[in-house]
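Worksheet: one structure, shown below.
There are 4 protein chains.
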Amino acid sequence: MEPEIKIRGYHTDQYQHVNNARYLEFLEEGRWQLIEDHINFEELMNKGFMFIAVNINIAYKNPARANDIVLVKTGMKKTGNTSAVMKQQVVNKTTGVVCVEAEVTFVIAGSNGKPLKIKGELKEILQQLPLFKG
Amino acid sequence: MEPEIKIRGYHTDQYQHVNNARYLEFLEEGRWQLIEDHINFEELMNKGFMFIAVNINIAYKNPARANDIVLVKTGMKKTGNTSAVMKQQVVNKTTGVVCVEAEVTFVIAGSNGKPLKIKGELKEILQQLPLFKG
Amino acid sequence: MEPEIKIRGYHTDQYQHVNNARYLEFLEEGRWQLIEDHINFEELMNKGFMFIAVNINIAYKNPARANDIVLVKTGMKKTGNTSAVMKQQVVNKTTGVVCVEAEVTFVIAGSNGKPLKIKGELKEILQQLPLFKG
Amino acid sequence: MEPEIKIRGYHTDQYQHVNNARYLEFLEEGRWQLIEDHINFEELMNKGFMFIAVNINIAYKNPARANDIVLVKTGMKKTGNTSAVMKQQVVNKTTGVVCVEAEVTFVIAGSNGKPLKIKGELKEILQQLPLFKG
């Protein structure tokens with residue numbers, strides 16, 4: 001389920017907008033939720049798989065302010081041989097206005113910390129994650 | 135001066151790495167420091183100018199861990215007609231290894247919150263900010 | 269309603285426990301929720317009333333860890349002439365174990381930032397907030 | 403050395419004051435700095451000793467705002483048989499005004515996570531930490 005967050009004063013900064021670092025926590029929450037909803041995360045952890053973000057490209061489109069309620073939408077965009085990309089949006093629940101839009105490139109590392117090839121079992125696992133729907 | 139930050143446990147996450155949201159606070163610190171070091175920030179504020187990030191593209195290259203000391207390097211990359219780009223790196227002070235590298239696109243808004251054309255006085259102000267040196 | 273929070277890696281620190289600063293955000297969330305659920309907060313804001321914490325006494329009893337689900341329980345403890353006290357607990361939803369317990373003393377300031385006497389209308393407002401139930 | 407922190411917009415909240423959770427990060431920074439300055443922290447970690455806060459009592463006395471520079475003052479207050487107390491203040495560097503004042507009670511846990519008796523070697527270590535000077 002999409003995380004729903006009520007913006008509080010401590011999320012905001014001197015401009016009364018949600019601070020740009022805080023959005024990355026909202027996005028991380030969205031990614032964990034997507035993973036939990038669609039794959040057996042505990043099994044992944046037991047195998048020592050780690051999701052590691054290697055690039056985040058985030059566009060700040062419209063400010064969110066205290067008392068706004070926002071939704072974090074998350075889905076897959078594409079899967080390559082060694083990395084994959086999720087697309088995410090933080091959207092004002094009431095107005096539908098997009099506050100931020102992001103693409104997050106990640107790798108999956110094994111227990112030695114090295115990125116794994118995305119093939120076989122790992123590829124099947126990632127295919128259980130739904131595509132992004134705006 | 136480049137901010138120097140000693141990494142503490144509360145900066146890190148379940149992988150014992152500095153969390154990806156926390157780096158954005160380090161980068162924001164670097165940008166404020168650059169601005170303070172080179173332009174009369176109080177004068178800018180009195181005129182109602184606001185620096186607003188519209189895009190951050192951040193690559194996580196090598197993890198920083200508790201007890202590491204990192205430097206935040208910041209400089210201008212380019213200035214356009216309505217937006218400008220700063221380049222930033224968080225670098226391990228001891229080893230020189232680059233932990234993250236980012237490009238931050240920003241606009242300058244006036245007191246009504248609308249982005250201003252970067253020309254005349256505003257352009258001169260931004261030209262006081264030095265170019266990024268790796 | 270009591271906020272329900274799933275602990276994520278970014279909430280934790282080098283000991284794999286929720287960091288002590290982070291709990292204060294959880295507690296703040298609990299206080300806003302209590303206020304919203306029982307009083308007309310918008311009206312308060314329009315009158316320029318500000319809830320300002322002047323003391324927080326927090327006992328860290330049992331660590332919360334990534335993947336735990338916690339509830340934030342909040343209620344009034346007592347109301348004095350110029351300040352009031354809320355009691356709060358962060359509790360593991362599954363086990364009932366108390367992670368932290370806190371007493372938060374606050375004042376209500378008017379639009380000039382000065383604490384107001386808690387009497388008349390203001391006292392009636394605070395009396396709408398229910399007492400803490402463990 | 404006392405940490406010196408320039409307050410930025412992202413430290414503040416809807417009241418334009420440093421948020422109450424953020425101060426706990428400032429205080430944690432102060433405690434680490436005190437420990438590093440006076441005892442061989444690496445040796446402690448190698449022995450598996452962990453400093454764990456069990457109670458924080460913090461009074462918010464005067465707000466700090468963006469562009470203020472604050473110092474974090476930290477020292478020992480007392481050492482008991484199983485716990486010890488540090489006193490801390492966050493002080494405006496320019497005016498000397500005390501923003502927050504806190505007492506932090508902590509235990510030292512061994513590698514099994516259980517609090518240790520403070521005697522012998524451990525007591526000697528803690529005695530290397532100077533008393534609080536306001």
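Protein chains in written order, with our numbering: chain A, 1 to 134; chain B, 135 to 268; chain C, 269 to 402; chain D, 403 to 536.
All C-beta atoms in this analysis are idealised placements derived from N, C-alpha and C, irrespective of residue type, glycine included.
Considering residue i, what are the terminal residues of the alpha helix (DSSP H) in which it resides?
i: K257(B); result: G254 to Q261
i: D171(B); result: N154 to H172
For the beta strand (DSSP E) that contains residue i, what are its first and last residues?
i: E4(A); result: E4 to K6
In its own chain, which residues sit with a C-beta less than 6 Å from the C-beta of residue i, not counting the 5 before and 5 after it?
i: A321(C); result: V372 and F374
i: V353(C); result: K345, K346, E371 and T373
i: Q167(B); result: P137
i: H285(C); result: P331
i: K274(C); result: I337
i: Q356(C); result: L295, G298, T342 and A370
i: P532(D); result: G477
i: I307(C); result: I393 and Q396
i: I303(C); result: F309
i: L44(A); result: none
With 16 as the cutoff for other CB atoms within 10 Å, does residue i come out buried or exposed?
i: I337(C); result: exposed
i: M184(B); result: buried
i: E138(B); result: exposed
i: Q262(B); result: exposed
i: N421(D); result: buried
i: N246(B); result: exposed
i: G254(B); result: exposed
i: E176(B); result: exposed
i: G432(D); result: buried
i: L295(C); result: buried
i: E152(A); result: The structure shown does not extend to residue 152(A), since chain A is modelled only from 1 to 134, so the question has no answer here.
Counting only the same chain and skipping the five closest in sequence on each side, list residues whose C-beta sits under 7 Å from that of residue i.
i: N189(B); result: T239
i: L518(D); result: I510, A511, G512 and L524
i: I460(D); result: Y425, V502 and A504
i: N360(C); result: A332, D336, V338 and C367
i: T195(B); result: Before going on, a small fix: residue 195(B) reads as Lys here, not Thr. Taken in chain order, the residues that qualify are V232, C233, V234 and E235.
i: T484(D); result: V509, P517, K519 and I520
i: N180(B); result: none
i: K401(C); result: G343
Can you give me the Cβ contacts of residue i inside the same chain, cut-off strictly under 8 Å, excluding the 5 residues immediately before and after it?
i: A66(A); result: I7, R8, G9, H11, T12 and Q16
i: T496(D); result: D470 and I471
i: M1(A); result: Q33 and D37
i: G96(A); result: none
i: G80(A); result: I118
Name, please, each residue of chain F whose Cβ falls closer than 7 Å to the Cβ of residue i.
i: A243(B); result: Considering every chain present, this structure includes no chain F. Its protein chains are A, B, C and D.
What residue ranges within the segment 445-529 of chain D form continuous alpha helix (DSSP H) runs of no fewer than 4 residues, ordered along the chain? 522-529
Name the residues in the segment 157-174 of chain B whose C-beta lies less than 7 Å from a C-beta of chain A; which are they? L158, E159 and E162
Please identify, using Cβ separations under 8 Å, the residues of the segment 42-76 of chain A that lie next to chain D, in order along the chain. A66
Where the segment 404-420 of chain D meets chain C: residues whose CB sits under 7 Å from a CB there: Y417
Which residues of the segment 481-510 of chain D have a Cβ closer than 7 Å to any Cβ of chain C? Give them in chain order. none
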